[in-house]
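Residue numbers (this note's numbering): 3 to 243.
Note that beta-carbon positions come from the ideal geometry of N, C-alpha and C, so glycine has one too.
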(Lines of atoms letter the chains of each structure in order from A and count residues from 1; the text may use other names and numbers.)
(Lines give C-alpha, C1' and ligand atoms only; values in the text may rest on other atoms or scores of the structure.)
Protein backbone atom coordinates (compact mmCIF):
# COMPACT_ATOMS: atom_id res chain seq x y z
CA UNK A 1 0.00 0.00 0.00
CA UNK A 2 1.33 3.45 -0.94
CA UNK A 3 0.39 6.96 0.23
CA UNK A 4 -1.53 7.44 -3.02
CA UNK A 5 -3.86 4.50 -2.30
CA UNK A 6 -7.40 5.45 -1.31
CA UNK A 7 -10.19 3.60 0.43
CA UNK A 8 -13.39 3.66 -1.61
CA UNK A 9 -16.71 1.97 -1.00
CA UNK A 10 -17.44 -0.89 -3.33
CA UNK A 11 -13.78 -1.66 -4.05
CA UNK A 12 -11.49 -4.38 -2.75
CA UNK A 13 -7.96 -3.40 -1.77
CA UNK A 14 -5.30 -6.04 -1.31
CA UNK A 15 -3.33 -5.18 1.82
CA UNK A 16 -0.82 -7.99 1.64
CA UNK A 17 0.02 -10.13 4.66
CA UNK A 18 -0.42 -8.37 8.00
CA UNK A 19 1.47 -10.38 10.63
CA UNK A 20 1.09 -9.53 14.29
CA UNK A 21 4.16 -10.21 16.40
CA UNK A 22 3.29 -10.30 20.10
CA UNK A 23 5.74 -8.39 22.29
CA UNK A 24 8.55 -10.44 23.78
CA UNK A 25 11.86 -9.52 25.38
CA UNK A 26 13.07 -12.85 26.74
CA UNK A 27 12.25 -16.55 27.14
CA UNK A 28 9.15 -17.63 29.04
CA UNK A 29 9.91 -18.55 32.65
CA UNK A 30 6.26 -19.31 33.35
CA UNK A 31 2.81 -18.39 32.10
CA UNK A 32 -0.79 -18.48 33.32
CA UNK A 33 -3.76 -18.65 30.96
CA UNK A 34 -4.23 -18.45 27.20
CA UNK A 35 -3.61 -15.17 25.31
CA UNK A 36 -7.00 -14.95 23.62
CA UNK A 37 -8.36 -11.68 25.14
CA UNK A 38 -10.86 -13.51 27.37
CA UNK A 39 -10.90 -15.11 30.82
CA UNK A 40 -12.94 -18.10 29.65
CA UNK A 41 -10.19 -20.65 30.35
CA UNK A 42 -10.08 -19.91 34.09
CA UNK A 43 -12.17 -21.47 36.84
CA UNK A 44 -15.84 -20.51 36.77
CA UNK A 45 -17.71 -21.94 39.78
CA UNK A 46 -21.25 -23.20 40.07
CA UNK A 47 -23.68 -20.51 41.12
CA UNK A 48 -25.61 -20.46 44.37
CA UNK A 49 -28.49 -22.98 43.94
CA UNK A 50 -30.88 -20.13 44.72
CA UNK A 51 -29.84 -18.39 41.51
CA UNK A 52 -29.38 -21.42 39.27
CA UNK A 53 -30.29 -21.07 35.62
CA UNK A 54 -30.58 -24.56 34.11
CA UNK A 55 -29.82 -23.13 30.69
CA UNK A 56 -26.16 -22.61 31.70
CA UNK A 57 -25.54 -25.72 33.79
CA UNK A 58 -22.66 -27.66 32.15
CA UNK A 59 -22.59 -24.98 29.47
CA UNK A 60 -19.39 -23.42 28.00
CA UNK A 61 -20.77 -19.98 28.91
CA UNK A 62 -21.48 -20.81 32.55
CA UNK A 63 -19.97 -17.44 33.50
CA UNK A 64 -23.41 -16.07 32.64
CA UNK A 65 -24.85 -17.62 35.80
CA UNK A 66 -26.02 -15.03 38.30
CA UNK A 67 -24.16 -14.13 41.47
CA UNK A 68 -20.77 -15.69 40.71
CA UNK A 69 -19.02 -12.70 42.28
CA UNK A 70 -20.36 -13.82 45.67
CA UNK A 71 -18.79 -17.28 45.31
CA UNK A 72 -15.25 -15.96 45.65
CA UNK A 73 -15.51 -15.27 49.38
CA UNK A 74 -17.26 -18.62 49.86
CA UNK A 75 -14.47 -20.50 48.09
CA UNK A 76 -11.72 -18.50 49.82
CA UNK A 77 -13.15 -17.75 53.27
CA UNK A 78 -9.86 -17.52 55.16
CA UNK A 79 -7.59 -15.81 52.66
CA UNK A 80 -7.19 -14.81 49.05
CA UNK A 81 -6.18 -16.93 46.09
CA UNK A 82 -2.67 -18.40 46.04
CA UNK A 83 -1.41 -19.86 42.75
CA UNK A 84 1.77 -21.96 42.63
CA UNK A 85 3.45 -22.18 39.25
CA UNK A 86 3.93 -25.76 37.99
CA UNK A 87 1.72 -27.07 40.79
CA UNK A 88 -1.59 -25.27 40.37
CA UNK A 89 -3.88 -25.65 37.35
CA UNK A 90 -5.31 -22.37 36.06
CA UNK A 91 -8.48 -24.11 34.86
CA UNK A 92 -9.18 -25.17 38.46
CA UNK A 93 -7.18 -22.89 40.73
CA UNK A 94 -7.41 -19.42 39.16
CA UNK A 95 -10.79 -17.79 39.81
CA UNK A 96 -12.04 -16.18 36.61
CA UNK A 97 -12.32 -12.70 38.14
CA UNK A 98 -10.38 -10.88 40.84
CA UNK A 99 -13.41 -9.45 42.60
CA UNK A 100 -13.94 -7.74 45.95
CA UNK A 101 -14.59 -9.72 49.11
CA UNK A 102 -17.94 -9.25 50.86
CA UNK A 103 -17.58 -8.84 54.61
CA UNK A 104 -20.00 -9.77 57.38
CA UNK A 105 -21.16 -6.17 57.74
CA UNK A 106 -22.16 -6.09 54.03
CA UNK A 107 -19.22 -3.90 53.06
CA UNK A 108 -16.47 -4.94 50.68
CA UNK A 109 -12.69 -5.11 50.74
CA UNK A 110 -10.04 -5.37 48.07
CA UNK A 111 -8.19 -8.60 47.39
CA UNK A 112 -4.56 -9.60 46.95
CA UNK A 113 -3.70 -12.67 44.90
CA UNK A 114 -0.34 -14.40 45.08
CA UNK A 115 1.71 -16.11 42.38
CA UNK A 116 4.39 -18.34 43.90
CA UNK A 117 7.25 -19.58 41.75
CA UNK A 118 10.79 -20.90 41.97
CA UNK A 119 13.85 -19.71 40.12
CA UNK A 120 17.02 -21.74 39.64
CA UNK A 121 18.92 -18.47 39.57
CA UNK A 122 18.57 -14.78 38.77
CA UNK A 123 20.98 -12.27 37.28
CA UNK A 124 20.98 -9.21 39.55
CA UNK A 125 22.32 -7.00 36.76
CA UNK A 126 19.49 -7.82 34.34
CA UNK A 127 15.84 -6.81 34.03
CA UNK A 128 13.01 -9.31 33.81
CA UNK A 129 9.59 -8.52 32.41
CA UNK A 130 6.13 -9.40 33.71
CA UNK A 131 3.37 -9.27 31.09
CA UNK A 132 -0.06 -8.62 32.59
CA UNK A 133 -2.80 -8.90 29.97
CA UNK A 134 -6.29 -8.00 31.20
CA UNK A 135 -9.46 -9.21 29.51
CA UNK A 136 -11.51 -6.54 31.27
CA UNK A 137 -11.65 -4.22 34.27
CA UNK A 138 -14.30 -2.19 36.04
CA UNK A 139 -13.62 0.72 38.41
CA UNK A 140 -10.50 -1.12 39.54
CA UNK A 141 -6.80 -0.69 40.10
CA UNK A 142 -4.07 -3.28 39.62
CA UNK A 143 -0.99 -3.15 41.82
CA UNK A 144 1.98 -5.51 41.68
CA UNK A 145 4.33 -6.20 44.56
CA UNK A 146 7.30 -8.51 44.86
CA UNK A 147 8.01 -10.75 47.86
CA UNK A 148 11.03 -13.00 48.03
CA UNK A 149 11.92 -15.90 50.31
CA UNK A 150 15.46 -17.20 49.95
CA UNK A 151 16.52 -20.46 51.66
CA UNK A 152 20.13 -20.79 52.73
CA UNK A 153 20.88 -23.92 54.80
CA UNK A 154 18.74 -23.56 57.95
CA UNK A 155 18.34 -19.82 57.52
CA UNK A 156 15.28 -18.28 55.90
CA UNK A 157 15.78 -14.74 54.68
CA UNK A 158 12.58 -12.80 53.95
CA UNK A 159 12.73 -9.62 51.93
CA UNK A 160 9.41 -7.88 51.63
CA UNK A 161 8.04 -4.83 49.88
CA UNK A 162 5.38 -4.20 52.51
CA UNK A 163 2.11 -3.47 50.65
CA UNK A 164 1.02 -1.18 53.49
CA UNK A 165 4.16 0.94 53.58
CA UNK A 166 6.06 0.80 50.31
CA UNK A 167 4.95 1.78 46.82
CA UNK A 168 4.20 -1.16 44.51
CA UNK A 169 6.42 -2.12 41.62
CA UNK A 170 3.52 -1.18 39.37
CA UNK A 171 0.12 0.49 39.62
CA UNK A 172 -2.35 0.91 36.80
CA UNK A 173 -4.30 3.68 38.49
CA UNK A 174 -8.06 3.37 38.34
CA UNK A 175 -9.11 1.65 35.12
CA UNK A 176 -12.17 0.30 33.39
CA UNK A 177 -15.82 1.03 32.82
CA UNK A 178 -16.65 -2.31 31.23
CA UNK A 179 -19.08 -3.54 33.92
CA UNK A 180 -18.29 -7.08 32.76
CA UNK A 181 -18.89 -8.77 36.11
CA UNK A 182 -22.36 -7.28 36.54
CA UNK A 183 -23.41 -8.10 32.98
CA UNK A 184 -22.16 -11.70 33.24
CA UNK A 185 -19.53 -11.31 30.55
CA UNK A 186 -16.06 -12.78 30.16
CA UNK A 187 -14.19 -9.99 28.38
CA UNK A 188 -14.31 -6.28 27.72
CA UNK A 189 -11.66 -3.74 26.73
CA UNK A 190 -8.28 -5.47 26.45
CA UNK A 191 -5.26 -4.00 28.23
CA UNK A 192 -1.62 -5.06 28.29
CA UNK A 193 0.81 -3.89 30.97
CA UNK A 194 4.54 -4.58 30.88
CA UNK A 195 6.19 -4.49 34.29
CA UNK A 196 9.97 -4.45 34.57
CA UNK A 197 11.40 -6.34 37.54
CA UNK A 198 15.02 -5.71 38.46
CA UNK A 199 17.05 -8.88 38.80
CA UNK A 200 18.13 -7.90 42.31
CA UNK A 201 14.52 -8.47 43.43
CA UNK A 202 14.55 -12.07 42.21
CA UNK A 203 16.67 -14.62 44.01
CA UNK A 204 17.38 -18.28 43.64
CA UNK A 205 14.61 -20.12 45.47
CA UNK A 206 11.04 -19.16 46.28
CA UNK A 207 9.49 -15.94 45.01
CA UNK A 208 6.00 -14.50 45.29
CA UNK A 209 4.35 -11.78 43.24
CA UNK A 210 1.34 -10.08 44.82
CA UNK A 211 -1.44 -8.73 42.58
CA UNK A 212 -3.65 -6.34 44.54
CA UNK A 213 -6.98 -4.85 43.52
CA UNK A 214 -7.73 -2.34 46.33
CA UNK A 215 -10.93 -0.67 45.10
CA UNK A 216 -13.82 -1.95 47.19
CA UNK A 217 -17.09 -0.05 47.21
CA UNK A 218 -19.07 -2.50 45.07
CA UNK A 219 -19.29 -6.24 44.33
CA UNK A 220 -18.89 -5.44 40.64
CA UNK A 221 -15.44 -3.88 40.86
CA UNK A 222 -12.76 -6.22 39.65
CA UNK A 223 -10.38 -7.49 37.02
CA UNK A 224 -10.43 -10.45 34.67
CA UNK A 225 -7.03 -11.58 33.50
CA UNK A 226 -6.39 -12.77 29.99
CA UNK A 227 -2.81 -13.99 30.34
CA UNK A 228 0.22 -13.53 32.60
CA UNK A 229 3.81 -14.28 31.63
CA UNK A 230 7.17 -13.77 33.29
CA UNK A 231 10.02 -13.43 30.80
CA UNK A 232 13.70 -13.95 31.43
CA UNK A 233 16.18 -11.21 30.68
CA UNK A 234 16.89 -10.19 27.11
CA UNK A 235 20.36 -11.74 26.94
CA UNK A 236 18.54 -15.10 27.02
CA UNK A 237 16.29 -14.12 24.13
CA UNK A 238 17.55 -16.89 21.86
CA UNK A 239 17.06 -19.65 24.42
CA UNK A 240 14.13 -21.96 23.95
CA UNK A 241 10.96 -20.58 25.72
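| task | Mind checking who residue 319 pairs with in its DSSP beta bridge? | result | With the chain running from 3 to 243 in the structure shown, residue 319 is simply not present.
| said: Using the Cβ count rule (16 or more neighbours within 10 Å means buried), how would you classify residue 77? | reply: It is exposed - the Cβ of residue 77 has fewer than 16 other Cβ atoms within 10 Å.
| request: Return the Cβ separation of residue 113 and residue 82 in integer angstroms, given the expectation that the two are a contact with Cβ distance under 8 Å. | output: Contact between residue 113 and residue 82 is confirmed by a C-beta separation of about 5 Å, below the 8 Å threshold.
| query | Looking at residue 215 and residue 143, is the spacing between their C-beta atoms short of 8 Å? | reply | Taking 8 Å as the Cβ cut-off, residue 143 and residue 215 qualify as a contacting pair.
| field | Start and end residues, beta strand (DSSP E) containing residue 129 | value | Start and end: 129-142.
| said: Strictly by DSSP, which residues pair up with residue 146? | reply: Within the DSSP secondary-structure output, residue 146 pairs in a beta bridge with 172 and 213.
| request: Kindly indicate which three-state DSSP category residue 96 falls into: helix, strand or coil? | output: Coil at residue 96, not helix or strand.
| Whether residue 125 touches residue 235 by CB criterion (8 Å) | Yes, these two residues count as a Cβ contact at 8 Å.
| query | Can you tell me the Cα-Cα spacing of residue 17 and residue 100, whole angstroms? | reply | Answer to the nearest angstrom: the Cα atoms are 40 Å apart.
| query | So what's residue 69 in DSSP terms, helix, strand or just coil? | reply | Under the three-state reduction of DSSP output, residue 69 falls in the coil class, being neither helix nor strand.
| message | Does residue 35 come out as helix, strand or coil in the three-state DSSP assignment? | response | Assignment of residue 35 by DSSP, reduced to helix, strand and coil, places it in the strand class.
| query | Which residues bound the beta strand (DSSP E) around residue 191? | reply | Note, residue 191: premise wrong, no beta strand (DSSP E); not H, not E.
| query | Looking only at its own chain, which residues have a Cβ that is under 8 Å from the Cβ of residue 43, when we skip the five neighbours before and after it? | reply | Around residue 43: 35, 36, 92 and 93.
| task | Use the C-beta contact count for residue 105: other C-beta atoms within 10 angstroms, 16 or more gives buried, fewer gives exposed. | result | Classification of residue 105: exposed, given that the 10 Å Cβ count is below 16.
| said: Three or more C-beta pairs under 8 Å: does that hold for the stretch 169-179 against the stretch 131-141? | reply: Here the stretch 169-179 makes contact with the stretch 131-141; the two share three or more CB pairs at distances below 8 Å.
| Enclosing beta strand (DSSP E) for residue 232 [first to last residue] | That run of the beta strand (DSSP E) goes 224-233.
| task | Keeping to the same chain, check which residues put their C-beta closer than 7 Å to that of residue 66; ignore five residues upstream and five downstream. | result | 58 and 186, listed in sequence order.
| said: According to DSSP, is residue 17 part of a helix, a strand, or is it coil? | reply: Coil at residue 17, not helix or strand.
| Residue from 79, 41 and 88 whose Cα sits closest to the Cα of residue 1 | Nothing about residue 1 can be read from this structure; the chain reaches only from 3 to 243.
| request: Compute the beta-carbon to beta-carbon distance between residue 131 and residue 27, rounded to the nearest angstrom, for a pair I have assumed lies under 8 Å. | output: Correct: roughly 5 Å between the Cβ atoms.
| said: My output table needs one value for residue 52: the three-state DSSP class, helix, strand or coil. | reply: The answer is helix: DSSP assigns residue 52 an H, G or I state.
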